[in-house]
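Following: one structure in structure tokens, then a few remarks.
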Ligand SMILES: *Cc1c(COP(=O)(O)O)cnc(C)c1O
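This is the structure in structure tokens:
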């Protein structure tokens, strides 16, 4: 016990000294892109509620009606008696939305990535992942026991080099990427990746957590936008970000879906999502199709915000609603975030190990609720600090 206490103390002290200590900031509530904390209101630039749907009356009403009809908790896992018809309705709608044969709902994106990857691959297999892949994918790969090969961010020459070198040594092989990278806001060359996966006999798994609801003609994501639905084996995405609900899905073949029901441990051994949350996710899919203007407005605002920052000589990345401003130095990033908070912008510094060392940044996460005036004021505040 003494040594654990010591270890905890050392860890906390070290993290604090290096400006790397993570802390929580309880919010009162969020509405129209404004959060309340420290008895003050802030413009929220840190949420993934990209379309502002978490507060939409249509979704609230769907939840309220479902609570009255079904009650609260689902009471059991899907394989016991926690499998409601409404779960299947949602899965059918997701498959239509993603233009695939089938879909399976998971309790969160984290659980989906961990459960699916570890169910499908094992120690005789290879997984090729982008270096900047989300932690939940990394954990799924670790749990699978497959050999991991990381390629440079969005660098298909490097990926092909690795495939050429080692693909033949393994039984199955998977390529995994995000369609919009969470900390960089950019997209992979998906079409070329599909060609590579076909050439080298691999499967392709994409995480559309930040793309679902935002990209594509019907808002289904980047895979839809690029017309690749029938050439990607596993399309995973979440309901908790742009869709304003909670949980996750994988869209795939009917046979793969059946296999996962039997093998994905995070699916089997966890109480299913409450029916009211499922009802919200269904309502959200309807709304996304009906209101394309939300995503159009969001992406236009993001483009113009990125251009404003670039014109001020700042280093920004991405081509989506996520606009990362790369500061580099951790201490500077923390200071800048604090200054912006003092001015009423809720921005949190993103530091290693979430991003590579030397690439500390502010991640401006734009939403439907931010208007041009707000974003202009934010850009001014950011550039002022630099001078
Ligand atoms: C948020 C996120 C997840 C996890 O999804 P949750 O539903 O929040 O657990 C997975 N992958 C990526 C890329 C994410 O950004």
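In this note's numbering, the protein residues as written are 948 to 1334. The beta carbon of each residue, even a glycine, is placed where N, CA and C say it ideally should be.
What residues in its chain sit with their C-beta under 7 Å from that of residue i, if we drop five residues either side in the sequence?
i	result
residue 994	977, 1312, 1314
residue 1281	966, 1296
residue 1305	1275
residue 1249	1267, 1268, 1270, 1313
residue 1244	1315
residue 980	990, 991, 999, 1314, 1316, 1317
residue 1100	1077, 1078, 1079
residue 1286	1332
residue 1330	1259, 1261
residue 1300	none
Rounded to the nearest angstrom, what separates residue i and residue j at their Cα positions?
i	j	result
residue 1087	residue 1112	24 Å
residue 956	residue 964	12 Å
residue 1174	residue 1168	10 Å
residue 1023	residue 1213	13 Å
residue 1327	residue 1208	51 Å
residue 1277	residue 1319	29 Å
residue 1092	residue 1065	8 Å
residue 1163	residue 1170	8 Å
residue 988	residue 1321	14 Å
residue 1226	residue 1104	44 Å
residue 1172	residue 954	49 Å
residue 1137	residue 983	39 Å
residue 973	residue 1294	14 Å
residue 1082	residue 1240	32 Å
residue 1210	residue 1283	46 Å
residue 961	residue 1122	36 Å
residue 996	residue 1238	15 Å
residue 1107	residue 1084	21 Å
residue 1005	residue 1153	29 Å
residue 952	residue 971	21 Å
residue 1176	residue 1324	40 Å
residue 1010	residue 1063	28 Å
residue 1204	residue 1058	15 Å
residue 1288	residue 1309	12 Å
Beta-carbon separation of residue i and residue j under 8 Å?
i	j	result
residue 1061	residue 1038	no
residue 1185	residue 1056	yes
residue 1114	residue 1147	yes
residue 1215	residue 1192	no
residue 1183	residue 1150	no
residue 1219	residue 1034	yes
residue 1187	residue 1235	no
residue 1189	residue 1159	yes
residue 1126	residue 1077	no
residue 1246	residue 1272	no
residue 1002	residue 1229	no
residue 1194	residue 986	no
residue 1141	residue 1178	yes
Determine the extent of the alpha helix (DSSP H) in which residue i is found, giving its start and end residues.
i	result
residue 1206	1201-1210
residue 1113	1103-1113
residue 1008	1004-1017
residue 1286	1277-1289
residue 1140	1137-1146
residue 1093	Unbroken run through residue 1093: none, as it is neither H nor E.
residue 1162	Neither: residue 1162 is in no alpha helix (DSSP H) and is coded neither H nor E.
residue 962	949-964
residue 1171	1169-1172
residue 1063	1056-1067
Excluding the 5 residues preceding and the 5 following residue i in the sequence, name in chain order all residues of the same chain whose CB lies nearer than 8 Å to its CB.
i	result
residue 959	968
residue 1116	1073
residue 1021	1029, 1031, 1218, 1219, 1220, 1221, 1222
residue 1334	With a pLDDT of 48 at residue 1334, under the threshold of 50, the predicted position of this residue should be treated as unreliable, and no value is reported.
residue 1096	1073, 1074, 1075, 1076, 1109, 1113
residue 1026	1208, 1215
residue 975	982, 983, 984
residue 1118	1071, 1072
Excluding five sequence neighbours on each side, which residues of the same chain lie with their C-beta closer than 6 Å to the C-beta of residue i?
i	result
residue 1232	1040, 1044
residue 1180	1150, 1151
residue 1007	none
residue 1070	1092
residue 1094	1073
What are the start and end residues of the beta strand (DSSP E) that includes residue i?
i	result
residue 1256	Note, residue 1256: premise wrong, no beta strand (DSSP E); alpha helix (DSSP H) at 1239-1258.
residue 1295	No beta strand (DSSP E) contains residue 1295, which DSSP labels as neither H nor E.
residue 1037	Run containing residue 1037: none in the beta strand (DSSP E); it sits in the alpha helix (DSSP H), 1032-1045.
residue 1050	1049-1053
residue 1309	1307-1312
residue 989	987-991
residue 1077	1073-1077
residue 983	981-984
residue 1186	Element bounds for residue 1186: n/a, residue is neither H nor E.
residue 1125	1120-1125
Pair every Cβ in the segment 1044-1051 with every Cβ in the segment 1187-1200, then say whether three or more of these pairs are closer than 8 Å. yes
Specify whether the segment 1256-1273 and the segment 1128-1137 touch according to this definition: at least 3 beta carbon pairs, one from each stretch, less than 8 Å apart. yes
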